[in-house]
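Peer 1: According to this note's numbering, the sequence shown is numbered sequentially starting from 2. For every residue, glycine included, the Cβ atom is placed at its ideal position computed from N, Cα and C. Note that this is a predicted model, so its numbers are computed, not measured.
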Amino acid sequence: MKILLKKNIICLLVFILFCASLVVPTQSFSSDKTLVLDRAEKSYFLGPYVGVLKDPKGSLTIEDVADSQPELDFEFLGTRTLNLEGVSQAVWLKFNIQVAPEDKQNPKNWILNPGALLPGHFTLYIPEIGPSGKKKWIIQTTAAPIIPNFMGRNSGLKPFFMLPGNLDRPTTLYIKIQSQKQVILSLKIVNEIQNMNNWTRDISFFNLIYGALLALAIYHLCLFFVLRDTSALYFIFYILFTCVFHYSLNNPTIFGLLDIEDITKYNRISLLFGVTCLFWYTLFVRSFLQVKTFLPRIDKIVIIFVFFNIFLAVMYTWANLVIWAPMLDLMIFFSTIFFCGMGFVVWKKGFSPAKFYLISTIFPSFSVVYYTLFIENLISYSSSMIAFLDISFALEGVLLSLALADRIRVLRSEREFAQGASLAKSQFLASMSHEIRTP
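(1) DSSP state of D330, grouped into three classes?
(2) How many Å lie between L1 and L209 at the Cα?
(3) With a threshold of 16 other CB atoms inside 10 Å of the CB of S29, please say whether the residue is buried or exposed.
(4) Can you tell me whether L379 sits near the ligand SAH, meaning its C-beta is under 6 Å from at least one heavy atom of the ligand?
(5) Helix, strand or coil for P120, going by three-state DSSP, please let me know.
(6) Does the beta-carbon distance from G59 to Q99 come in below 7 Å?
(7) Candidates L94, Y45, E42 and S44: which alpha carbon is nearest L54's?
(8) DSSP state of N84, grouped into three classes?
(9) Hey, I112 and M163 are a contact pair by Cβ (cut 8 Å); roughly how many whole angstroms apart?
(10) Taking DSSP's pairing of strands, which residues face W93 in a bridge?
(11) Smallest Cα separation from W319: which of L258, V286, K266 and S368?
(12) Quick one: Cα of H247 to Cα of S133, how far?
(13) So the alpha helix (DSSP H) I360 belongs to, where does it begin and stop?
(14) Roughly how many angstroms separate the alpha carbons of I204 and R408, rounded to a whole number?
(15) Would you say S187 and G116 are within 7 Å of each other, going by their C-beta atoms?
(16) Taking the beta strand (DSSP E) that N252 falls in, what are its first and last residues?
(17) Less than 8 Å between the CB atoms is what I'm expecting for A355 and L290, so what's the real figure, rounded?
(18) Going along the chain, which unbroken runs of the alpha helix (DSSP H) with 4 or more residues stay wholly within the stretch 235 to 322?
(19) Terminal residues of the continuous beta strand (DSSP E) containing S205?
(20) In the DSSP output, what is T172 paired with across the bridge?
(21) Assuming I380 is part of the beta strand (DSSP E), what are its boundary residues?
(22) Would DSSP call L188 helix, strand or coil?
(23) In whole angstroms, give me the CA-to-CA distance for V399 and Y239.
(24) Drop a sphere of 10 angstroms on the beta-carbon of I190, count the other beta-carbons inside from all chains shown, and report buried for 16 or more, exposed for fewer.
(25) Should N192 go down as buried or exposed, given a rule of 16 or more other Cβ atoms within 10 Å for buried?
(26) Helix or strand or just coil, what does DSSP make of F46?
(27) Are Y282 and C244 close, meaning C-beta to C-beta below 7 Å?
(28) If I measure Cβ to Cβ from Y358 and keep anything under 6 Å in the same chain, skipping five residues before and after, which residues do I get?
(29) Can you tell which of M197, N378, I140 and Q183 has its C-alpha closest to the C-alpha of K43?
(30) Please confirm whether Y235 and L273 have their CB atoms less than 7 Å apart.
(31) So is V286 buried or exposed if we call it buried at 16+ other beta carbons inside 10 Å?
(32) Considering only residues of the same chain and omitting the five flanking positions on each side of A314, which have a CB-CB separation below 8 Å?
(33) Considering A145, what are the terminal residues of the beta strand (DSSP E) in which it resides?
(34) Which residues does DSSP list as the beta-bridge partners of N114?
(35) Could you compute how far the alpha carbon of K137 sits from the alpha carbon of I178?
(36) Per DSSP, which residues does V37 bridge with? Please list them.
As structure tokens, this is what we get:
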């Protein structure tokens, strides 16, 4: 029986890894060449034209970078998606663009979208020759990715740059990125109309997914007040912190409370949201699967994992993020696989609600495996897969709601059975007592 369980778990893990590996890395030819923007096209991928220079100390200025010093050699990766592993205080990007001659009279027609998958602070430097012949720099700053706040001092911030329309000759532009995290970009240049359509679509999609999750949390809050089920309470906190964590990943200003320059403070708050989300999810799984009853030895490991989450939350408030930040991704990856195996064993031991839990973990497990492999640069970027990451959490919330409903049904039937047995026992004792007293 134990061998069969191990084989089933191994087959499940192999299937998830196989599905995630279907996205094959894509490479493109790269060189220090110029991208010509033609009005007939709606968008261009900028990645193959971009040179990368890491600035570990963050001490370089635009004058240092633009002077083409021999020791400052830009590396052209030649990929649509730039996945820059390692952590630097700053990263510089260099690329050459030119607006097609027939488009010179269309200023601000083109938008540069960083397409950042991890938050960062971006500064664009556009050269301009003054009347005296001296070069000066037009500077634009933003943070990306970002969902509108509709409040606070950063409510008008947009996660893209407006390119001038007078780039009638090959012009070298520079971008400085401050992230203190891994930098992952899908750089695109799109026309203004297409960019606004894409941004509106992304915002609507985000609001739809996480608005549904918030509605689900409110629904279960009402159920908790009626049923007083601990698992429902843990589930509510998990859903709430999931929404907050994913919002923080899409808005470096944290509800408009931070300036876009507060990168370190933002990273600490975002990681704190992430580890808190994992903390409540662990408590939910432990309570829902009744791990203490079905797997008493494994329950000790789960308790240690809960306390390690608390320890990690404390470390994120002051420790070096270069060392501790990757721990969250590793914990999410391994805990997802561990909890799947734990749910499978509990289901095989006869706890029927565990099957709904297993079904609910299929989509997030696939998403987490894909995201981890993508972060490690083992598979390539896919916009549909990134969207599926958000969809999987919404599906998980709905399926976990079904699992909670089934668990409540099972617990209610067990409670009714216990009450019936207790009532029958009381009636039996009462009749026996009556017979003994009756001569």
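Peer 2: Taking the coordinates as given:
(1) Helix, per DSSP.
(2) With the chain running from 2 to 440 in the structure shown, residue 1 is simply not present.
(3) Low confidence applies here, because S29 scores a pLDDT of 41, under 50, leaving its location unreliable; read the following figure in that light. Within 10 angstroms of the beta-carbon of S29 lie fewer than 16 other beta-carbons, which makes it exposed.
(4) The model depicted lacks the ligand SAH and carries no ligand whatsoever.
(5) Correct three-state label for P120: coil.
(6) No, they are not a contact pair.
(7) With distances taken between Cα atoms, L54 lies closest to L94.
(8) Reduced to three states, the DSSP call for N84 is strand.
(9) Right, their Cβ atoms sit about 6 Å apart.
(10) Answer is L54 and K177, bridged to W93.
(11) Nearest option by C-alpha distance: K266.
(12) Taking the straight line joining both Cα atoms gives about 49 Å.
(13) Per DSSP, I360 is one residue of the alpha helix (DSSP H) stretching across A355 to I376.
(14) In a straight line, the C-alpha of I204 is about 35 Å away from that of R408.
(15) Contact: yes.
(16) No beta strand (DSSP E) holds N252; DSSP gives it neither H nor E.
(17) Indeed, because the Cβ distance is near 6 Å, the residues count as touching under 8 Å.
(18) The stretch 235 to 322 contains these whole alpha helix (DSSP H) runs: 264 to 289, 292 to 295 and 297 to 317.
(19) Per DSSP, S205 lies in no beta strand (DSSP E) segment; the continuous alpha helix (DSSP H) that holds it begins and ends at E193 to L228.
(20) Its beta-bridge partners are I98.
(21) It is not in any beta strand (DSSP E) - I380 carries neither H nor E in the DSSP assignment.
(22) If DSSP states are grouped into helix, strand and coil, L188 belongs with coil.
(23) One C-alpha to the other measures close to 13 Å.
(24) Buried, by the Cβ-count rule.
(25) N192 is buried by the Cβ-count criterion.
(26) In this structure, F46 counts as strand in the three-state DSSP scheme.
(27) Going by C-beta atoms, Y282 is not nearer than 7 Å to C244.
(28) Correct list, in chain order: G344 and A404.
(29) Taking only the C-alpha atoms, the option nearest K43 is M197.
(30) Against a cut-off of 7 Å, the Cβ pair of L273 and Y235 comes out as no contact.
(31) Under this definition V286 is a buried residue.
(32) Closer than 8 Å at Cβ, skipping near neighbours: L273, V276, T277 and F280.
(33) For A145, the enclosing beta strand (DSSP E) covers residues K136 to A145.
(34) Paired residue(s): K189.
(35) Near 20 Å, if we compare the C-alpha coordinates of I178 and K137.
(36) Beta-bridge pairing links V37 to Q99.
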